[in-house]
Amino acid sequence: MKLNIYPSPTAVAYALISHILQLMKEQPDKTFNIAFSGGSTPAIMFDLWAHDIVKITPWERMNIWWVDERCVQPGNPESNYGLMRKLLLSDAPIPSKNIFRIRGEEKPQAEAVRYSSEVEKHVPKVGQFPSFDIVLLGVGNDGHTSSIFPGQEHLLSSCKTYEVSENPKTKQARIALTGNPILNSQHVIFLVTGKEKASVINEIYTSGDVTPSAYIAHHANYVEFFLDKAAASELSK
Numbered sequence: 005m006k007l008n009i010y011p012s013p014t015a016v017a018y019a020l021i022s023h024i025l026q027l028m029k030e031q032p033d034k035t036f037n038i039a040f041s042g043g044s045t046p047a048i049m050f051d052l053w054a055h056d057i058v059k060i061t062p063w064e065r066m067n068i069w070w071v072d073e074r075c076v077q078p079g080n081p082e083s084n085y086g087l088m089r090k091l092l093l094s095d096a097p098i099p100s101k102n103i104f105r106i107r108g109e110e111k112p113q114a115e116a117v118r119y120s121s122e123v124e125k126h127v128p129k130v131g132q133f134p135s136f137d138i139v140l141l142g143v144g145n146d147g148h149t150s151s152i153f154p155g156q157e158h159l160l161s162s163c164k165t166y167e168v169s170e171n172p173k174t175k176q177a178r179i180a181l182t183g184n185p186i187l188n189s190q191h192v193i194f195l196v197t198g199k200e201k202a203s204v205i206n207e208i209y210t211s212g213d214v215t216p217s218a219y220i221a222h223h224a225n226y227v228e229f230f231l232d233k234a235a236a237s238e239l240s241k
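Numbering (this note's numbering), first residue to last: 5 to 241.
This is the structure in structure tokens:
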């Protein structure tokens, strides 16, 4: 695991965008399949990308996918797609054919099957599973990632690409990228900011596979963390 720490959430977001663009620059003939997560931290990145870095991004070489989605209408404030559309996609000159959203308004089980098929059709496989170029993950205070919550560890070893999960607190259905395709990705990047995430970040680094995020961090092909100082504040020296 590679650790990247920056002074503020905005500095983290800028560094991560720059990192993604550098990866794309190193392979100029390649279209990158990138799976994004939602949440308040990526929201900072989306807003920055739309206003400050939009002109130097090769949008036509980027296929946009989602790591997970809440089973709500796209206009719902909880929609991961809706958030990215509002903050970035509505401003960025990305071809509509390059945007592949999870249809959170559809029946969850059927949509998990449909979206899995869409990913498997467009994202090259390495071995048995699709291999995204970049999977961008967050970490919940309970250690969940990709809407795979503690107690749902079976989703980490699923043979399916996407499955339906459930938020144990709200009982909200979600559609989540499962463990194997995440582990199979070329780059797994955790984007985490805020003091409230400091203990779970420390746990990932110092514990075993006690949470879904720790399992991914310990077993993926290539893992990087992009953190602000607050999120990194409990890491042992």
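Cβ atoms here follow ideal geometry from the backbone N, Cα and C, with glycine treated the same way.
Where M66 sits in the DSSP three-state scheme:
Collapsing the DSSP output to three states places M66 in a strand.
Taking contact to mean 3 or more Cβ pairs, one atom from each stretch, closer than 8 Å, check whether the region 108 to 126 and the region 169 to 189 are in contact.
For the pair of segments examined, the region 108 to 126 was found to touch the region 169 to 189: the number of CB pairs separated by less than 8 Å reaches three.
Spatial distance of Y166 from K233 (CA atoms):
When rounded, the distance between both Cα atoms is 33 Å.
Mapping the DSSP letters down to three states, classify A221 as helix, strand or coil.
Of the three classes helix, strand and coil, the one that applies to A221 here is helix, per DSSP.
C75: buried (16+ other C-beta within 10 angstroms of its C-beta) or exposed?
It is buried - the Cβ of C75 has at least 16 other Cβ atoms within 10 Å.
If distances are taken between C-alpha atoms only, which option among A235, N8, P78 and S94 comes closest to G144?
If we check each option's Cα against that of G144, A235 comes out closest.
I'd like the span of the alpha helix (DSSP H) that includes V117, first residue to last.
Annotation: the continuous alpha helix (DSSP H) that includes V117 extends over P112 to H126.
Counterpart residues of F1 in DSSP-defined beta bridges
Nothing can be reported for residue 1: it is not among the residues displayed for the chain, which extend from 5 to 241.
Determine the closest residue to I205 out of P128, K125, V58 and S240, with distance taken between C-alpha atoms.
Of P128, K125, V58 and S240, the smallest CA-CA separation from I205 is found for S240.
Residues near V123 in its chain [Cβ-Cβ closer than 6 Å; skip 5 each side]
Counting only Cβ-Cβ distances below 6 Å, and skipping sequence neighbours, we find P134 and T165.
Other residues of its chain near E73: CB distance less than 6 Å, five sequence neighbours each side excluded
The beta carbon of E73 sits closer than 6 Å to those of N84, I106, G108 and I179, all from its chain and outside the five residues before and after it, given in chain order.
Rounded to whole angstroms, how far is the Cβ of F230 from the Cβ of L20, which I believe are closer than 8 Å?
About 5 Å separates the beta carbon of F230 from that of L20, a gap short enough to meet the 8 Å contact definition.
Using a Cβ-Cβ cut-off of 8 Å (strictly less than) and excluding sequence neighbours within five positions of I98, which residues of its own chain qualify?
So the list reads W63, E64, M66 and I68, once near-sequence residues are dropped.
Given this structure, state the Cα-to-Cα distance separating H223 from N171, to the nearest angstrom.
Each residue's Cα considered, the two are about 24 Å apart.
Of the listed residues I9, A17, F36 and T14, nearest to V139 (C-alpha basis):
Proximity to V139 across I9, A17, F36 and T14 peaks at F36, based on C-alpha coordinates.
Euclidean distance between Cα positions of D56 and Y119:
About 32 Å.
Rounded straight-line distance, which links the Cα of M28 to that of S161
If I take the Cα positions, the gap works out to 30 Å.
For chain D, check one thing: does any of its Cβ atoms lie closer than 8 Å to the Cβ of I205?
Here chain D cannot be found, since the structure has a single protein chain.
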